Amino acid sequence: MLSGSVDAVALPQPDPARAEAAILELAGVSKTFPGVRALSEVDLRLYPGQVTALVGENGAGKSTMVKILTGIYQPDGGSIRMDGKAVSFPTAHHASQAGITAIHQETVLFDELSVAENIFIGHAPKTRRGLIDVGRMQREAREILAEIGAEIDAGVRLRDLGIANKHLVAIARALSIDSRIVIMDEPTAALSHKEIQELYALVEQLKGQGKAILFISHKFDEIFRIADRYTVFRDGALVGDGQIADVTQDELVRMMVGRSVDQIFPRRDHRPGEAVLEVVGYSHPTEFEDVGFTLRRGEILGFYGLVGAGRSEFMQALFGITHPSKGSVRIDGEDAVIRSPAEAVRAGIVYVPEDRGRQGAVIGLPIFQNVTLPSLARTSRHGFIRLAEEFALARDYTERLDLRAASLDQDVGNLSGGNQQKVVIAKWLATQPRVIILDEPTKGIDIGSKAAVHEFMAELAGQGLAVVMVSSEIPEILGMSDRVIVMREGRIVAEFDRDELTPERLVRHAAGISEAAA
Amino acid sequence: MIRRFLRSREAILLGAIVLLILLISTRFEGFVAPSNLANVFNDTSPLIILALGQMAVILTRCIDLSVAANLALTGMVVAMLNTAAPGMPIPLIILIALALGAIMGAANGLLVWKLGIPPIVVTLGTLTIYRGIIFVISDGQWINAHEMSPAFKAFPRAVILGLPVLSWIAILVIAAFAVLITRTPLGRAFFAVGGNPHAAVYTGIDVGRTQFLAFVISGTLAGLTGYLWVARYAVAYVDIAGGFELDVIAACVIGGISIAGGAGSVGGAVLGALFLGVIKNALPVIDVSPFWQLAISGAAIIVAVAFNARSQRAKGRIILKRAEHAT
Chain A
348 MLSGSVDAVA LPQPDPARAE AAILELAGVS KTFPGVRALS EVDLRLYPGQ
398 VTALVGENGA GKSTMVKILT GIYQPDGGSI RMDGKAVSFP TAHHASQAGI
448 TAIHQETVLF DELSVAENIF IGHAPKTRRG LIDVGRMQRE AREILAEIGA
498 EIDAGVRLRD LGIANKHLVA IARALSIDSR IVIMDEPTAA LSHKEIQELY
548 ALVEQLKGQG KAILFISHKF DEIFRIADRY TVFRDGALVG DGQIADVTQD
598 ELVRMMVGRS VDQIFPRRDH RPGEAVLEVV GYSHPTEFED VGFTLRRGEI
648 LGFYGLVGAG RSEFMQALFG ITHPSKGSVR IDGEDAVIRS PAEAVRAGIV
698 YVPEDRGRQG AVIGLPIFQN VTLPSLARTS RHGFIRLAEE FALARDYTER
748 LDLRAASLDQ DVGNLSGGNQ QKVVIAKWLA TQPRVIILDE PTKGIDIGSK
798 AAVHEFMAEL AGQGLAVVMV SSEIPEILGM SDRVIVMREG RIVAEFDRDE
848 LTPERLVRHA AGISEAAA
Chain B
8 MIRRFLRSRE AILLGAIVLL ILLISTRFEG FVAPSNLANV FNDTSPLIIL
58 ALGQMAVILT RCIDLSVAAN LALTGMVVAM LNTAAPGMPI PLIILIALAL
108 GAIMGAANGL LVWKLGIPPI VVTLGTLTIY RGIIFVISDG QWINAHEMSP
158 AFKAFPRAVI LGLPVLSWIA ILVIAAFAVL ITRTPLGRAF FAVGGNPHAA
208 VYTGIDVGRT QFLAFVISGT LAGLTGYLWV ARYAVAYVDI AGGFELDVIA
258 ACVIGGISIA GGAGSVGGAV LGALFLGVIK NALPVIDVSP FWQLAISGAA
308 IIVAVAFNAR SQRAKGRIIL KRAEHAT
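Protein chains in written order, with the numbering used here: chain A, 348 to 865; chain B, 8 to 334.
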């Protein structure tokens, strides 16, 4: 008998190393989006009563995997077997019926409904007449909450709960569906230390009930604390799996990042000039503390960290969208006060946000109007826009970025992701900034567009612009930055020059693994 | 350029209006006479002016339900001023009407901007308040034609180059709006704020302030229309233009101004208003009962919305594909 072969699953397992068969077994699963291969022939097995940690960098394919498991995406190839039988999840409802529940980073629950209603929505107990049996629903909700040790009143509205209690409600919901497989997508990202301990206890309890748990996390300490098995994805491919007892933190880190850097980054001579931007002691009551650095002309400064490390939040404060409680900014050696994005733009700081759809392009306006939106003052005379000048400005900057569009009159919504990104960057360059902040500049765009953005970034720095690049992609950080600042939990924890950089060092500081452990 | 216009929503609407006029002329030939069409335009002028103001508000993802109440209150105030001081010059009266309207619009705008109250709630509240104030200041009394000065009543009817002043004012407002929407940073900001408020913030546009200015514009035009309305019909009372705000919003919707904000054109708003104006003026002359008029106007709104929803759904599919691509 070949252990691990799918034919063997239906029979009792004599192999002592695998006391139980996998509940869920994915083999050779692939998923391709236009221009991006998100998953290529990956395997994943989940065992009853065991926690499997899914580890990988951003963009490794973890989210795609979760979406396939919960019926949101359909795989292009490969097989999914539950208890040895081939299954498919054409909709989220099918996945839920099959006993798969996902608890997301941001809980997907209903703020205006009560806790009990949230737990039972979609499968509430019914009376004989087909109405919702409110009494039984309340009672069963209380039982489940008591079972997981949550001190939550089943009758209160969800919006009155804190984030940790919302997570507990999501977990209670998972239990109420009687799910056999629970997916936890970075469940501790928003929790305090004490709440994390409670979550661990709960995970142990779920294990005790024989549920299979897929645990997605960037934090190595918790992976080693609660996981039984690990699976590592890198660039959409499986690079390793096995028992957590057989692996060290270093080995996991290496699997995660250890790649041949196959992307080509532009070569640059690093000659930073005088200081342009000095930030001292920037603090925010809840998001970040004591962030300070100096940025020079012609420099690309990388900001690395895990999701939720406070990088974007800091950048938003620097750009005047939120307001720091403490700290000061100097631009060209002179004190500056930035209270609104308009003031930031005037001071020569621009911010290209991460979420292009929400924060970048204005879908519905043509390309040229998107480009000139923050620069209209320059193309206007006496309050009226000069269309010819406006068009010339837009043409100038879109041509520099090699934007491919039929016409500048075209709606931005009809452009590809990469070209939309170029429109947003062109928009900011047209304001003639001194400092440009690029938040995840190449996230979700294809390799070709990535190279163009990198090329352009290098060119900007070459022209003396100071660039801040927030990125969670290690190759990009390594390939582009002159200097890298690593943030963790709202603080700067490390700073490296280009020649001190290694992928392992970055990951270790971002995840909070001490250097001594190496 | 011409081909693009022919495929646009405005062209379809224009076609519908022409078709409607031709259909009506088969039943009543006089309808297509230039003088009658000029009358229809003059009758529709208040709707056109208010629809343009409303368009600015809707573009920024808000809505102004208080325009008709603003119109009625301003109309009552200027009518009372006129009765109290018959000698007051018309330009001063117009200035007062504009200022009063602007103040009421600003009140809406400030509540939306500074207190973050949803626009539909704010303007539903001020609608009732403004109507209530009319009752309080007028004691529920009517001001009739004989109490108004001749100059006061004559202004909107005065004919210049073959058209009444009311029509000329509508034409001026249309022209001013065309410039505002396409050629000023504020016009551009309306689209940015409604189309993508998050992006607007990052672009340095103050979303709340832009919405405030849209309300001020809408209120100012409602105030102006208040004087024109009261003077033209030579009567002022609590309920004038009651429910007219719904016609104004309907004109915008028929004209393709997206209720979700960020999409629309001056041409669309004007044609939407004209479409309703033609129906209102034509149906009585071809002996269609007033109840059918309401039903037909209502059906036109639903057809227009269904049309918009369809074109937006096609667009949505494309965006979703991109969104999937981006993840």
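We treat Cβ as the ideally placed atom computed from N, Cα and C, and that holds for glycine.
Note that the coordinates shown come from a computational prediction; the quantities given were computed from them, not determined experimentally.
From the listed residues A:478, A:495 and A:472, the smallest Cα separation to residue 485 (chain A) is found for A:472.
Put simply, the CB of residue 730 (chain A) is near chain B, with a gap under 8 Å to one of its CB atoms.
Closer than 8 Å to the CB of residue 534 (chain A) there is not a single CB belonging to chain B. Around the Cβ of residue 532 (chain A), a 10 Å sphere holds 16 or more other Cβ atoms; the residue is buried.
Between residue 685 (chain A) and residue 782 (chain A), the alpha-carbon positions lie close to 14 Å from each other.
In the DSSP assignment, residue 676 (chain A) forms a beta bridge with A:626 and A:683.
For residue 540 (chain A) and residue 423 (chain A), the gap between their C-alpha atoms comes out near 40 Å. In chain order, 209 make up the part of chain B whose C-beta sits under 9 Å from the C-beta of residue 698 (chain A). Put simply, of A:730, A:510, A:635 and A:670 the residue whose alpha carbon is nearest the alpha carbon of residue 656 (chain A) is A:635. Residues 367, 370, 527, 557, 558 and 559 of the same chain have their beta carbon placed closer than 8 Å to that of residue 395 (chain A), with the five preceding and five following residues left out of the count.
Counting along the chain, residue 603 (chain A) sits inside the alpha helix (DSSP H) bounded by residues 596-604. Look at residue 198 (chain B): its C-beta is under 8 Å from a C-beta on chain A. Those residues of the region 260-280 of chain B placed with their C-beta closer than 7 Å to a C-beta in chain A are 269 and 270, ordered along the chain. Taking the CA atoms as reference points, residue 266 (chain B) sits about 47 Å from residue 428 (chain A). Annotated three-state conformation of residue 816 (chain A) is strand, per DSSP. Counted as a single uninterrupted DSSP element, the stretch harbouring residue 445 (chain A) is not any alpha helix (DSSP H), since DSSP gives it neither H nor E. Residue 828 (chain A) is outside the set of residues whose beta carbon lies under 8 Å from a beta carbon in chain B.
Per the Cβ contact rule, the region 736-743 of chain A is in contact with the region 711-721 of chain A (3 or more Cβ pairs under 8 Å). Residues 194 of the same chain have their beta carbon placed closer than 6 Å to that of residue 187 (chain B), with the five preceding and five following residues left out of the count. When A:572, A:766, A:563 and A:409 are compared, the shortest CA-CA separation from residue 584 (chain A) is found for A:409.
Judged by DSSP in its simplified three-state form, residue 414 (chain A) adopts helix.
By the criterion of a C-beta distance shorter than 6 Å, residue 138 (chain B) is surrounded in its chain by 76, once the five residues flanking it on both sides are discounted.
Note on geometry: alpha-carbon atoms of residue 146 (chain B) and residue 460 (chain A) lie some 47 Å from one another.
For residue 767 (chain A), the number of other beta carbons within 10 angstroms of its own is at least 16, and it is reported as buried. Between the alpha carbons of residue 450 (chain A) and residue 508 (chain A) lies a distance of about 17 Å.
The C-alpha of residue 573 (chain A) lies about 11 Å from the C-alpha of residue 564 (chain A).
Listed along chain B are 191, 192, 195 and 196, each with a C-beta nearer than 9 Å to that of residue 723 (chain A). Between residue 708 (chain A) and chain B, the shortest Cβ-Cβ separation is below 8 Å. Counting C-beta pairs with one atom in each stretch, the region 612-619 of chain A and the region 669-680 of chain A have fewer than three that are closer than 8 Å, which means they do not touch.
Here residue 150 (chain B) really is in contact with residue 90 (chain B); their C-beta atoms are around 6 Å apart, less than 8 Å. If you draw a straight line from the Cα of residue 502 (chain A) to the Cα of residue 515 (chain A), it is about 15 Å long.
Given a length threshold of 4 residues, each whole run of the alpha helix (DSSP H) inside the region 18-75 of chain B is given here in chain order: 41-66. Considering only beta carbons, the part of the region 201-225 of chain B lying closer than 8 Å to chain A consists of 202, 203, 205, 206, 207, 208, 209, 210, 211, 212 and 213, in chain order. Rounded to the nearest angstrom, the gap between the Cα atoms of residue 639 (chain A) and residue 693 (chain A) is 22 Å. Shown here for residue 291 (chain B): same chain residues with a beta carbon closer than 8 Å to its own, the five before and five after excluded, namely 297 and 300 in chain order.
Put simply, the backbone Cα of residue 104 (chain B) is about 52 Å away from that of residue 812 (chain A).
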